[in-house]
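Working notes for the structure below.
Numbering (the working numbering), first residue to last: 4 to 311.
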């Protein structure tokens, strides 16, 4: 944790041992919280300070003004629903920043009449996880939970400890033609699930249709409509993302294929076929029902038995 305060305060110079130590620590998987009014823009742009922006997913836009710009600090993503009044006047030239690359916006300043609105907090994940802000944590003014500093620090700690969501799903092997298919999964996360999506398509088609999954606790489900379930089969996969921005996929690559069974009346012909002793008087009609296995065995053996 590094707290550099507001202008005029400590500067970590470019190329210094301190800068190398911090960068190496994050690159090896370490987590770092860093706050400072000048550490993102003024120090690296004007004073020869080290530029931590790329590692923290931060693009520094401008230096702030003196006399206090912070008014209300709004929370987003990992700090969603946590909004704070600020001890205005304690800040001095606070840097204006924004997320870049894999950076995730977590705080923004909301000023009266929108005269000085700017982003002021970004979370990021590379080898290690980082949180960078241009305000002072101690100057946030507590309100009702969850807008308290204790709750906010708890969110920060959860982010540093957070793992991606876990999807537990048993693949669906078969379905019935012209009937809905219910897709179910148990999805868990140590911070909170933000979004779960089921992607499906008819077998062999190019584009997937996406639908949000409903949930009761950790149990998620969505329906593949009967209109999409035919002899071509169905292909699908599931994605889940958490409030920290992590997204996982099940399966991790490709998709799950469902073989669709077609009712017997759908493949028989009630009209008798001609027969006789001549070879050309016989007709064999093969209707492959497994789109991924067109061999005679897959079509005939289950009904007629093994043959030589």
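From the three backbone atoms N, C-alpha and C, an ideal C-beta is built for every residue, glycine too.
Cβ neighbours of residue 96 in the same chain (closer than 8 Å, five flanking residues each side left out): 9, 10, 40, 41, 45, 66, 67, 68, 69
C-beta atoms of residue 133 and residue 34 nearer than 9 Å: yes
Inter-residue spacing [alpha-carbon to alpha-carbon] between residue 247 and residue 106: 10 Å
Inter-stretch contact (C-beta, 8 Å, three-pair minimum) for the region 68–86 and the region 110–128: yes
N- and C-terminal bounds of the beta strand (DSSP E) containing residue 36: 35–38
The region 226–243 / the region 145–157 touching (three or more Cβ pairs under 8 Å): no
Rounded C-alpha distance that separates residue 215 from residue 243: 10 Å
Backbone secondary structure at residue 141 - three-state DSSP: helix
Range covered by the beta strand (DSSP E) that runs through residue 201: 196–205
Rounded separation between residue 21 and residue 139 - CA only: 21 Å
C-beta atoms of residue 43 and residue 61 nearer than 9 Å: yes
Test item: CB-CB of residue 123 and residue 144 under 9 Å: no
Residues near residue 217 in its chain [Cβ-Cβ closer than 8 Å; skip 5 each side]: 223, 224, 225
Check whether residue 27 and residue 52 have beta carbons under 9 Å apart: no
For residue 68, the residue or residues it bridges with in DSSP: Per DSSP, none; premise fails for residue 68.
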